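Undergrad: Protein chains in written order, with the working numbering: chain A, 11 to 240; chain B, 11 to 240. C-beta atoms are modelled at their ideal positions from N, C-alpha and C, and glycine is treated no differently. Every value quoted in this text rests on a predicted model; they were computed, and no experiment measured them. Structure incoming, see below.
There are 2 protein chains.
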Amino acid sequence: MARTTGSDGEKTQAAIREAAVGLIARLGFEAMSMRQLAAEVGVQPAALYRYFPTKEELLFSLMHAHMDGLIASWGEARPAEGSAQASPAGQLAAFVENHIRFHLARRHATHVSNLELRSLSDERLGHILRMRAEYEGALRAILQAGTSRGDFQVEDVALTAMAIIQMITGVIVWFRPEQRLSEDEVAATYHTMTMRLVGCADTVDRQALRGPHAGGQGDRTGGDPCIPDR
Amino acid sequence: MARTTGSDGEKTQAAIREAAVGLIARLGFEAMSMRQLAAEVGVQPAALYRYFPTKEELLFSLMHAHMDGLIASWGEARPAEGSAQASPAGQLAAFVENHIRFHLARRHATHVSNLELRSLSDERLGHILRMRAEYEGALRAILQAGTSRGDFQVEDVALTAMAIIQMITGVIVWFRPEQRLSEDEVAATYHTMTMRLVGCADTVDRQALRGPHAGGQGDRTGGDPCIPDR
DNA sequence: GAATTAATTGAACGTTCGTTTTATTAATTC
DNA sequence: GAATTAATAAAACGAACGTTCAATTAATTC
């Protein structure tokens, strides 16, 4: 036999990508064989090479698409300049929420992007790392802005950015959809933790810390920078 | 040839372990071949099988030793009961510091333990995960104690424990010994971030938040729970 | 409806893999 | 110093790997 009835290049490629993400997440890139992948898609091994010239190029393509999606997602989710959420605290909140939701919706792909960097050639690794740096740069910019304005208390912007990324990406390690916590609850909790991490306490914290006689920061006018206007 | 002059089982085993940790960290477990490992040790492939019956058992042994060391390290570093550092804040500080230092000193082994769980059989995976749960249980206990006493403000102990572990383990991803920050500085910064994360602000934060007229928490006697007595 | 293109099969290539077996030599024991 | 044990070498096993190539059929074009 050769070409099968109803076969379609685009559908096959999409099926390959999906199956590859799942298999690599479960077994690891090196442990997954092209034969296994072909079997999962329901196709002969040789057919894979119509869509991806090598196994490594397949991996790169998956990672690239993931990073592309992540950067695009933040581009759409980021508060518009001049909006009420455009403050550093508002931007940080949006960043964390977008990150959590994006990764929860793509647990397998995130695993692949995080664990399989070793299997890329230097050149392709550099490409992915540059995309990653671009994304993390957005977070650093937010932290820097908030720190300059005095809204955040961050000693080391780069280190804090790494710590936050690590913390909020870690959600995919333990979160299971069928568990006690909903996606909303998880996102909210991570938001709270992040705000505390950057020294931008929320209302509850502040009341508890200030006690009944609290006078606030005093040296800043306007509302609380950590609670954007609605 | 056969047995070589000066050959010694214990030394060879140690050399295999060390070389394996390095190779697996760099290439990944599946990507490392037993031939590569043997070459790195300076021995024939067959010689490896005198010390480890299979490749997987070698991996398991490395991970097991790592977790054993980590748990033992915490056992020695944990503040003695009744000591000044035995408060939840003191224990949390000790936990974070021990974790950071232990992992910084064993970056390769940590990489292996974190990234190669997929390559273990179900049974061996379960074994390692149980050790991990034991270690993380210590952190949860500290968070629980601090929250019950009111020293910490943690909404979800389990989630916060995961977040902290993720954050502080992440240090090995970016830290390079020759970089601008010393191990001490890194440990101190992570300590600060952790304390903020659990709502246990340090002196600087509190003063800034309270302002000049601060009255403290008021409802608690004794010193600040976040600053253990010396 | 013939010609062309897209999609896939089936078989094969050379290589490398984890592992085993047997033989050989160094160190240790008595 | 002979017997025994520990440590390794050398060679080989079958299986699986990523990949290629030629043949074949479905869909599309003209």
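Can you list, in chain order, the residues of its chain with a C-beta nearer than 8 Å to that of E40 (chain B)? Leave out the 5 residues immediately preceding and following it.
TA: As a first step, residue 40 (chain B) is located in the second sequence; it is residue number 30 there, counting from the start. Excluding residues within five positions, the ones whose Cβ falls inside 8 Å are S129.
Undergrad: Under 8 Å between C-beta atoms, does E144 (chain B) make it to chain A?
TA: Here residue 144 (chain B) refers to the residue found at position 134 when the second sequence is read from its first residue. No, because no Cβ of chain A sits closer than 8 Å to the Cβ of E144 (chain B).
Undergrad: Compare the Cα-Cα distances from V183 (chain B) to each of A:L127, A:V51 and A:L191 and report the closest residue.
TA: Along the second sequence, one-based indexing puts residue 183 (chain B) at 173. Per the Cα distances, A:L127.
Undergrad: Tell me the rounded alpha-carbon separation between L68 (chain B) and L58 (chain B).
TA: Locating residue 68 (chain B) in the second sequence gives position 58, counting from the first residue. Locating residue 58 (chain B) in the second sequence gives position 48, counting from the first residue. In a straight line, the C-alpha of L68 (chain B) is about 9 Å away from that of L58 (chain B).
Undergrad: Residues in the region 166-179 of chain B with C-beta within 9 Å of chain A's C-beta atoms, listed in sequence order?
TA: Those residues of the region 166-179 of chain B that come within reach of chain A (Cβ to Cβ, closer than 9 Å) are D166, A168, L169, T170, M172, A173, I174, I175, Q176, M177, I178 and T179.
Undergrad: Please go through the same chain and pick out, in chain order, the residues whose beta-carbon is closer than 7 Å to the beta-carbon of A115 (chain A), but skip the five residues on each side of it.
TA: If you number the first sequence from 1, residue 115 (chain A) lands on position 105. Nothing listed; no residue qualifies.
Undergrad: Taking only beta-carbon positions, decide if R128 (chain B) is within less than 8 Å of chain A.
TA: Your numbering for residue 128 (chain B) matches position 118 in the second sequence. Chain A, which has a Cβ nearer than 8 Å to the Cβ of R128 (chain B), makes this yes.
Undergrad: May I ask you to list, following chain order, the residues of the region 59-79 of chain B that have a beta carbon less than 8 Å from some beta carbon of chain A?
TA: Against chain A - using a Cβ distance shorter than 8 Å - the region 59-79 of chain B contributes no residues.
Undergrad: Which chain B residues sit within Cβ distance under 9 Å of T199 (chain A)?
TA: Locating residue 199 (chain A) in the first sequence gives position 189, where the first residue counts as 1. Correct list: E165, D166, L169, T170 and A173.
Undergrad: Can you name the residues of chain B whose CB is closer than 8 Å to the CB of G156 (chain A)?
TA: Along the first sequence, read from residue 1 onward, the residue named residue 156 (chain A) stands at position 146. The contacting residues do not exist; G156 (chain A) stays about 14 Å from chain B at best.
Undergrad: Short of 6 Å in beta carbon distance, which residues of its chain neighbour L219 (chain B), apart from the five on each side in sequence? Order them along the chain.
TA: Here residue 219 (chain B) corresponds to residue number 209 of the second sequence, with the count starting at 1. Because the pLDDT at L219 (chain B) is just 42, under 50, the model does not fix this residue reliably, and the value given afterwards should be weighed accordingly. Around L219 (chain B): no qualifying Cβ.
Undergrad: Could you check the C-alpha separation between Y200 (chain A) and M177 (chain A) for me, to the nearest Å?
TA: Position 190 of the first sequence, counted from the first residue, corresponds to residue 200 (chain A). Position 167 of the first sequence, counted from the first residue, corresponds to residue 177 (chain A). Distance between the alpha carbons of Y200 (chain A) and M177 (chain A): 8 Å.
Undergrad: Can you find the residues in the same chain that come closer than 7 Å, C-beta to C-beta, to F185 (chain B), ignoring five residues on each side of it along the sequence?
TA: As a working mapping, residue 185 (chain B) is identified with position 175 in the second sequence. Result list for F185 (chain B): L114 and V196, in chain order.
Undergrad: Between the region 148-157 of chain B and the region 101-110 of chain B, do three or more beta carbon pairs fall short of 8 Å?
TA: A contact exists between the region 148-157 of chain B and the region 101-110 of chain B.
Undergrad: Unbroken alpha helix (DSSP H) runs of length 4 or more, entirely within the region 141-180 of chain B: which are they?
TA: Complete alpha helix (DSSP H) runs here, min 4: 167-179.
Undergrad: Using a Cβ-Cβ cut-off of less than 8 Å, give me the residues of the region 81-112 of chain B that come near chain A, in sequence order.
TA: So the list is empty, because no residue satisfies the distance condition.
Undergrad: Does the beta-carbon of R60 (chain B) have 16 or more other beta-carbons within 10 angstroms, so that it is buried, or is it exposed?
TA: One-based indexing of the second sequence puts residue 60 (chain B) at position 50. Exposed, because fewer than 16 other Cβ atoms sit within 10 Å of the Cβ of R60 (chain B).
Undergrad: Comparing the C-beta of T22 (chain B) with each C-beta of chain A, is any distance below 8 Å?
TA: Looking up residue 22 (chain B) in the second sequence gives position 12. Cβ-Cβ to chain A under 8 Å: no for T22 (chain B).
Undergrad: Leaving out five residues on either side along the sequence, give the residues of the same chain with a beta carbon under 8 Å from the beta carbon of G38 (chain B).
TA: Stepping through the second sequence from its first residue, residue 38 (chain B) is reached at position 28. Correct list, in chain order: L125 and E126.
Undergrad: In chain B, which residues lie less than 8 Å from L37 (chain A) when you measure between Cβ atoms?
TA: Here residue 37 (chain A) is taken as the residue at index 27 of the first sequence, counted from 1. The contacting residues are R128.
Undergrad: Compute the Euclidean distance between the alpha carbons of G170 (chain A) and M42 (chain A), then round it to the nearest angstrom.
TA: As a first step, residue 170 (chain A) must be located in the first sequence, where it is residue number 160. As a first step, residue 42 (chain A) must be located in the first sequence, where it is residue number 32. For the sequence presented, residue 170 (chain A) should be read as Thr rather than Gly. Going from the Cα of T170 (chain A) to the Cα of M42 (chain A) covers about 35 Å.
Undergrad: Taking the continuous alpha helix (DSSP H) assigned at D78 (chain A), which residues delimit it?
TA: Within the first sequence, the letter at position 68 stands for residue 78 (chain A). First-last of the alpha helix (DSSP H) with D78 (chain A): K65 to A87.
Undergrad: Please report the straight-line C-alpha distance between R206 (chain A) and F62 (chain B), rounded to a whole angstrom.
TA: If you number the first sequence from 1, residue 206 (chain A) lands on position 196. If you number the second sequence from 1, residue 62 (chain B) lands on position 52. Answer to the nearest angstrom: the Cα atoms are 47 Å apart.
Undergrad: Output the distance between the C-alpha atoms of G52 (chain A) and T64 (chain A), rounded to the nearest integer angstrom.
TA: As a position in the first sequence, residue 52 (chain A) is number 42, starting the count at 1. As a position in the first sequence, residue 64 (chain A) is number 54, starting the count at 1. Roughly 19 Å between the two C-alpha positions.
Undergrad: Buried or exposed, going by whether 16 or more other CB atoms sit within 10 Å of the CB of D132 (chain B)?
TA: One-based indexing of the second sequence puts residue 132 (chain B) at position 122. Classification of D132 (chain B): exposed, given that the 10 Å Cβ count is below 16.
Undergrad: Classify D194 (chain A) as buried or exposed, calling it buried when 16 or more other Cβ atoms lie within 10 Å of its own Cβ.
TA: As a first step, residue 194 (chain A) must be located in the first sequence, where it is residue number 184. Counting Cβ neighbours within 10 Å, D194 (chain A) comes out exposed, since fewer than 16 surround it.
Undergrad: What first and last residue would you give for the alpha helix (DSSP H) that runs through P98 (chain A)?
TA: Reading the first sequence from its first residue, position 88 is the one you call residue 98 (chain A). Run containing P98 (chain A): P98 to L114, per the alpha helix (DSSP H) assignment.
Undergrad: Tell me which residues share the same chain as A30 (chain B) and place their Cβ nearer than 7 Å to its Cβ, disregarding the 5 neighbours each side in the sequence.
TA: Within the second sequence, the letter at position 20 stands for residue 30 (chain B). Cβ within range, chain order: L47, L68 and L72.
Undergrad: Distance cutoff 8 Å, beta carbons only. Does E40 (chain B) sit that close to anything in chain A?
TA: The residue labelled residue 40 (chain B) in the question sits at position 30 within the second sequence. Yes - at least one Cβ of chain A is within 8 Å of the one on E40 (chain B).
Undergrad: Please state the DSSP three-state secondary structure of C236 (chain B).
TA: For the purposes of this step, residue 236 (chain B) is identified with residue 226 of the second sequence, where counting begins at 1. Note: C236 (chain B) maps to coil in three-state DSSP.
Undergrad: Whole angstroms are fine: how far does the CA of R134 (chain B) sit from the CA of A24 (chain B)?
TA: Taking the first residue of the second sequence as 1, we reach residue 24 (chain B) at position 14. Taking the first residue of the second sequence as 1, we reach residue 134 (chain B) at position 124. About 22 Å.
Undergrad: Under 8 Å Cβ to Cβ from H74 (chain A), same chain only, skipping five residues before and after it: list those, please.
TA: Residue 74 (chain A) sits at position 64 when you count from the first residue of the first sequence. Contacts found: H137, I138 and M141.
Undergrad: Kindly say whether R186 (chain B), judged by its beta-carbon, lies nearer than 8 Å to any beta-carbon of chain A.
TA: Numbered from 1 along the second sequence, position 176 holds the residue referred to as residue 186 (chain B). It does not; no Cβ of chain A falls within 8 Å.
Undergrad: Kindly indicate the opening and closing residues of the alpha helix (DSSP H) around A198 (chain B).
TA: Start at 1 with the first residue of the second sequence, and residue 198 (chain B) comes out as number 188. Per DSSP, A198 (chain B) belongs to the alpha helix (DSSP H) from E193 to L207.
Undergrad: May I have the straight-line CA-CA distance separating R191 (chain A) from D234 (chain A), to the nearest angstrom?
TA: As a first step, residue 191 (chain A) is located in the first sequence; it is residue number 181 there, counting from the start. As a first step, residue 234 (chain A) is located in the first sequence; it is residue number 224 there, counting from the start. Inspection of the sequence shows that residue 191 (chain A) is occupied by Leu rather than by Arg. Roughly 29 Å between the two C-alpha positions.
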